Amino acid sequence: MKIAVCVKRIPKTAEADIFIEKDGKDIRKDNLVFHLNDWDGYAVREAALLKEKHGGTVTVLSIGPEEAKEVLTRCLAMGADKGLRIEEPAVRDGHLIAKILAQALRDQSFDLILTGVQAEDDGCGQVGVSLAQLLGLPHAAIVNKIEINGDRALVKKELEGGIEENVELRLPAVLTIQTGINEPRYVSLAAILEAEEKEMEEVSLEKLGLTPDEPLEATVDQVFFPPVGKMAEILKGNSEEVAGKLTEILKKKKG
Amino acid sequence: MKEIFVLAEHRQGKIRDITYEMLGAGDKIVAQGNDSLTAVLLGKGVKNFAEDLALRTSKVLVMEDENLQNFNSVLFQKALSSLISKYQPLLTLIGHTAFGMDLAPSLSVEIGFPFVTDCIGLSLEGGQLKTTRSIYGGKVNANVSLRESQGYIATVRPGIFAPKMPGEEKGGIIIEPSPLKGATDVKRFVEYIEAPITGEDITQAEIIVAVGQGIGGPEHIPIIEEVAKNLGGVIACSRPVVDRNWLPKERQVGISGKTVKPKVYIAIGISGAFQHVTAMQGSETIIAINKDPRAPIFGVADYGIVDDFQNVMTILKEKTKGMK
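Protein chains in written order, with my numbering: chain R, 2 to 256; chain P, 9 to 332.
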């Protein structure tokens, strides 16, 4: 099987202090740590597992700055064979990202293209399914199990409320991968060092027939901290004191 | 006058709440201008929903076809795009749900309309769509403008907009012919798989102590479980905890897990992603313990503790002994 996985390098914002850029259009990122989008990590691991079972190759692609090669190397250490970094556009939206990926993946005869369901940063949940339409391929979103039978894939999709759905697709197809589809494996330093020897290509937008400033469908005008509505009453004091206050509240509220 | 389409979402014989919420969102936009609200109902044997939707809209378009019985994005996309070309709505709203996320992005590419997902605010200004989205795990909101166009497609976050209630006046119900010519070989619905009923039913608990990824590892679960037991409650969790196999799926509170409304809900190391919050915000009292004072969970909690949970739990374990 020839599998492609599209991945994104994103800033970790949970438990980090967030500041807004002077122009108000994004958050400041110079103080943040970047990593591989959680959903994409599961997609890469799934591709590696499918390769173990059915043979073939796994190519990982990422649109991003020079540093995106770090997450691609991590993907190579997770079992991918080849990395491709695509130059990032000056500004972006979900549609443009899908368009760039489609240009890079077209006519490459991949049997399966995986993306994460969404990215932790902008949370669009758009790219994989848009990409499928641009490539004229069938798709399934929010997939948590894949079985390959010849030119068909039987996939399980996660719906709401614990209900799931089985769907059969003709290959080639695009699947967006949900977290929890597999058990992530620890990536050792040795594996990373080994991965640095693997094939890594880079390509410009021009080479893909695009310019660095393609028009956007959706533009961010301004970012801002969500309005503080009802805010929790924060219990103050040292751990002993707050635990005491909490015990009192629990006594009262649990009835 | 322009129309606003709302794609009704239903599954296994029930209209889903997101449908009424989108009608609520659409209604606000309609009230601003002189546009009209249309519900689009695709399926098989769904005519009974049309009556209900007609009381909340000025028009309901009903398309029935045996191939629309269960959701298949290929066929639903064909059906919906045929209605969009026929009626040329200015805006089409679809749920940011498992159903909508499988349908809306490819539909937008096919039609060529500007597209935006997971909106928590929507307005049309001079015919141009402006939206608000919640990004970076809920820490920041973004105002997003879409390029000028004859039409737009947007997906709407569940649990944000107040549902549209039925009114006095009833809109018209129009039966539309189906453009589908049989099933498709490319994608096929096989079956639904119901959630297995196993283990503890957390929806029945009066006290829930829920843990998130922020607890750092499964080694911290026993002490938290002990506190839960002391209180006569149960332990539950957010999605990343299940993904990492720290706790079984039946313990998950969230859109894809269980919805709970206990007397007391204690969230430990849970940042407060909307998928989690929508499923627990009906709890009577919510207490959040998190190291990050900016964590969105504090926006829904009644009481908050900004501290290392381990310190608090060690003391709480002693203090709650015999409290049950």
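Even for Gly, the Cβ is constructed at its ideal location relative to N, Cα and C. Keep in mind that this is a model prediction, so the values were computed, not measured.
Among the options, which has the Cα closest to the Cα of residue i?
i: Gly56 (chain R); options: R:Val175, R:Asp112 and R:Lys246; result: R:Asp112
i: Leu1 (chain R); options: R:Glu121, R:Gly162, R:Asp94 and R:Asp123; result: This structure cannot speak to residue 1 (chain R), because chain R is shown only from 2 to 256.
i: Ala58 (chain P); options: P:Leu15, P:Ile232 and P:Ile294; result: P:Leu15
i: Glu74 (chain P); options: P:Val38, P:Lys189 and P:Ser264; result: P:Lys189
i: Val92 (chain R); options: R:Ala120, R:Asp222, R:Leu115 and R:Asp152; result: R:Asp222
i: Ala112 (chain P); options: P:Phe13, P:Arg196 and P:Gly134; result: P:Phe13
i: Leu77 (chain R); options: R:Lys246, R:Lys100 and R:Glu197; result: R:Glu197
i: Asn167 (chain R); options: R:Pro173, R:Pro185 and R:Asn145; result: R:Asn145
i: Lys138 (chain P); options: P:Thr125, P:Lys147 and P:Ser93; result: P:Thr125
i: Arg75 (chain R); options: R:Arg46, R:Pro90 and R:Leu51; result: R:Arg46
i: Ala191 (chain P); options: P:Lys147, P:Ile231, P:Tyr28 and P:Ser81; result: P:Ser81
i: Pro66 (chain R); options: R:Gly245, R:Lys100 and R:Phe35; result: R:Phe35
i: Val6 (chain R); options: R:Arg29, R:Asn38, R:Asp18 and R:Thr60; result: R:Thr60
i: Thr244 (chain R); options: P:Val48, P:Ile297 and P:Gly120; result: Per the sequence shown, the amino acid found at residue 244 (chain R) is Ala instead of Thr. Measuring from the Cα of Ala244 (chain R), the nearest candidate turns out to be P:Ile297.
i: Leu31 (chain P); options: P:Gly21, P:Pro304, P:Arg19 and P:Leu63; result: P:Leu63
Mapping the DSSP letters down to three states, classify residue i as helix, strand or coil.
i: Ile161 (chain P); result: strand
i: Asn238 (chain P); result: helix
i: Ser240 (chain R); result: helix
i: Ser63 (chain R); result: strand
i: Gln223 (chain R); result: strand
i: Phe306 (chain P); result: helix
i: Cys76 (chain R); result: helix
i: Gly108 (chain P); result: helix
i: Glu1 (chain R); result: The structure shown does not extend to residue 1 (chain R), since chain R spans only 2 to 256, so no value can be given for it.
i: Thr322 (chain P); result: helix
i: Ser142 (chain P); result: strand
i: Ala91 (chain R); result: coil
i: Arg29 (chain R); result: coil
i: Gln134 (chain R); result: helix
i: Asn167 (chain R); result: strand
i: Val124 (chain P); result: strand
i: Thr180 (chain R); result: coil
i: Val175 (chain R); result: strand
i: Gln119 (chain R); result: coil
i: Ser44 (chain P); result: strand
i: Ala141 (chain R); result: strand
i: Gln260 (chain P); result: strand
i: Asn150 (chain R); result: strand
i: Leu31 (chain P); result: helix
With 16 other CB atoms within 10 Å as the buried threshold, where does residue i fall?
i: Asp108 (chain R); result: exposed
i: Ile183 (chain P); result: exposed
i: Val198 (chain P); result: exposed
i: Asp24 (chain R); result: exposed
i: Phe107 (chain P); result: buried
i: Lys208 (chain R); result: exposed
i: Ser116 (chain P); result: buried
i: Lys253 (chain R); result: exposed
i: Thr286 (chain P); result: buried
i: Arg247 (chain P); result: buried
i: Gly330 (chain P); result: exposed
i: Lys332 (chain P); result: exposed
i: Ile205 (chain P); result: exposed
i: Thr212 (chain R); result: exposed
So if I threshold CB-CB distances at 9 Å, which residues from the stretch 204 to 236 of chain R count as touching chain P? Pro216, Leu217, Glu218, Ala219, Thr220, Val221, Asp222, Gln223, Val224, Phe225, Phe226, Pro227, Pro228, Val229, Gly230, Lys231, Met232, Ala233, Glu234, Ile235 and Leu236
Mind listing which residues of the stretch 63 to 97 of chain R have their C-beta closer than 9 Å to chain P's C-betas, in chain order? Asp94, Gly95 and His96
On the three-pair Cβ rule with 8 Å, is the stretch 54 to 70 of chain P touching the stretch 135 to 150 of chain P? no
By the 7 Å beta-carbon criterion, what residues does the stretch 106 to 135 of chain R contribute toward chain P? Glu121, Asp122, Asp123, Gly124, Cys125, Gly126, Gln127, Val130, Ser131, Ala133, Gln134 and Leu135
Going along the stretch 135 to 169 of chain R in order, which residues come within less than 8 Å of chain P, judged by CB to CB distance? Leu135, Pro139, His140, Ala141, Ala142, Ile143, Leu155, Lys157, Lys158, Glu159, Leu160, Glu161, Gly162, Gly163, Ile164, Glu165, Glu166, Asn167, Val168 and Glu169
Give me the subset of the stretch 234 to 255 of chain R whose CB atoms are less than 8 Å from a CB atom of chain P, sorted by chain position. Glu234, Ile235, Leu236, Ser240, Glu241, Val243, Ala244, Gly245, Leu247, Thr248, Ile250, Leu251, Lys252, Lys254 and Lys255
Under 8 Å, with one C-beta from each stretch per pair, do the stretch 197 to 205 of chain R and the stretch 75 to 86 of chain R reach the 3-pair mark? Touching, yes.
Can at least three beta-carbon pairs, one atom from the stretch 37 to 46 of chain R and one from the stretch 179 to 187 of chain R, be found at a separation below 8 Å? Yes, the stretch 37 to 46 of chain R is in contact with the stretch 179 to 187 of chain R.
Do the stretch 87 to 107 of chain P and the stretch 215 to 224 of chain P meet, that is, are 3 or more Cβ pairs less than 8 Å apart? no
Would you call the stretch 163 to 175 of chain P in contact with the stretch 123 to 130 of chain P, where contact means no fewer than 3 C-beta pairs closer than 8 Å? yes
Closer than 9 Å, Cβ to any Cβ of chain P: which residues of the stretch 175 to 197 of chain R, in chain order? Thr177, Gln179, Thr180, Gly181, Ile182, Glu184 and Pro185
Touching by the beta-carbon criterion (3+ pairs, under 8 Å), the stretch 309 to 316 of chain P and the stretch 286 to 300 of chain P: yes
Check distances from the C-beta atoms of the stretch 69 to 92 of chain P to those of chain R and list, in chain order, the residues that come in under 9 Å. Asn78, Phe79, Asn80, Ser81, Val82 and Gln85
Where the stretch 2 to 17 of chain R meets chain P: residues whose CB sits under 7 Å from a CB there: Thr14, Ala15 and Glu16
Determine which residues of the stretch 26 to 49 of chain P have a Cβ less than 7 Å from any Cβ of chain R, and write them out in chain order. none
Stretch pair the stretch 40 to 51 of chain P + the stretch 151 to 158 of chain P: three plus CB contacts closer than 8 Å: no
Contact between the stretch 206 to 215 of chain P and the stretch 251 to 270 of chain P is defined here as three or more beta-carbon pairs at a separation below 8 Å; is this criterion met? Output reads yes: the stretch 251 to 270 of chain P touches the stretch 206 to 215 of chain P.
Could you tell me whether the stretch 142 to 159 of chain R touches the stretch 7 to 27 of chain R, using the rule of 3 or more Cβ pairs below 8 Å? no
Compile a chain-ordered list of the residues in the stretch 177 to 205 of chain P whose CB is closer than 7 Å to at least one CB of chain R. Asp193, Val194, Lys195, Arg196, Phe197, Val198, Glu199, Tyr200, Ile201, Glu202 and Ala203
If you measure beta-carbon to beta-carbon, which residues of the stretch 239 to 273 of chain P are closer than 9 Å to chain R? Those would be Leu239, Gly240, Gly241, Arg247, Pro248, Val250, Asp251, Arg252, Asn253, Lys257, Glu258, Gln260, Ile263, Ser264, Gly265, Lys266, Thr267, Lys271 and Val272, in chain order.
Within the chosen definition, does the stretch 312 to 328 of chain P reach the stretch 235 to 252 of chain R through at least 3 CB pairs nearer than 8 Å? Cβ pair count under 8 Å is three or more, so yes.
Given 8 Å, three or more beta-carbon pairs between the stretch 320 to 328 of chain P and the stretch 235 to 247 of chain P: yes
With 7 Å as the C-beta to C-beta threshold (strictly closer), list the residues of the stretch 305 to 327 of chain P near chain R in chain order. Phe306, Gly307, Ala309, Asp310, Tyr311, Gly312, Ile313, Val314, Asp315, Asn319, Val320, Ile323, Leu324 and Lys327
Please identify, using Cβ separations under 7 Å, the residues of the stretch 28 to 55 of chain R that lie next to chain P, in order along the chain. Ile28
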